[in-house]
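> The following block contains the structure, expressed as structure tokens.
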Amino acid sequence: MKTMKLNFVELMPKEIEDGVLYISMEYATAIHRCACGCGSKVVTPLSPKDWKLNFNGESISLSPSIGNWNFDCKSHYWIVNNNIKWDVSWSDEITATKPIFNKLKDKSTHKRKQRISLSSLLRKLVTFHF
């Protein structure tokens, strides 16, 4: 099993080393080279609608999985406690669902913003009247 080394940075370096997961908390982004060895740069934005990072003080886990469906390798893996855990490769059928997934993700984000707006409006009304 392949293990990723961690490197917390503010800005991403120009040269990305194989086997290193670079994490910028300031820019909510993680970057690494594809675990299959093809050399492609994998960028994972960290946000509620993208990837979530779990750091236990020693190791990192990212979720959901890394699905490189736009790369020739079509690799699919998880980063769990700094280790690469391989999953099934992306098929053409899975790749075809990407636009649907992105549309659902955008709708989810829009609904979350609406809830936040409604709750902040209610908070303002309560503050104003009391």
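Numbered according to our numbering, the sequence shown spans residues 3 to 132. Cβ atoms here follow ideal geometry from the backbone N, Cα and C, with glycine treated the same way. Everything numeric in this text was worked out from a predicted model, so none of it was measured.
What residue from K7, E19, I25 has the CA that sits closest to L13's CA?
Position 11 of the sequence shown, counted from the start, is the residue given in the question as residue 13. The candidate whose alpha carbon is nearest that of L13 is I25.
> Answer with buried or exposed for T5, where buried requires no fewer than 16 other C-beta atoms within 10 angstroms of its C-beta.
Walking along the sequence shown from the start, residue 5 turns up at place 3. Flag for T5 reads exposed.
> Sorted by chain position, which residues of the same chain lie with C-beta nearer than 6 Å to S42's C-beta, five sequence neighbours on each side aside?
Within the sequence shown, residue 42 is the residue found at index 40, counting from 1. Here the set comprises C36, F73.
> Using the C-alpha atoms, what's the distance from K105 back to L64?
Position 62 of the sequence shown, counted from the first residue, corresponds to residue 64. Position 103 of the sequence shown, counted from the first residue, corresponds to residue 105. Those two C-alpha atoms are separated by around 22 Å.
> Can you give me the start and stop residues for the beta strand (DSSP E) that K4 sits inside?
What you label residue 4 is simply residue 2 of the sequence shown in a count that begins at 1. Element bounds for K4: n/a, residue is neither H nor E.
> Compute the Euclidean distance between the alpha carbons of F132 and K51, then round it to the nearest angstrom.
As a working note, residue 132 is residue 130 in the sequence shown. As a working note, residue 51 is residue 49 in the sequence shown. For F132, the pLDDT reaches just 48, beneath the cut-off of 50, and the residue's location in the model is therefore unreliable, leaving the point undetermined.
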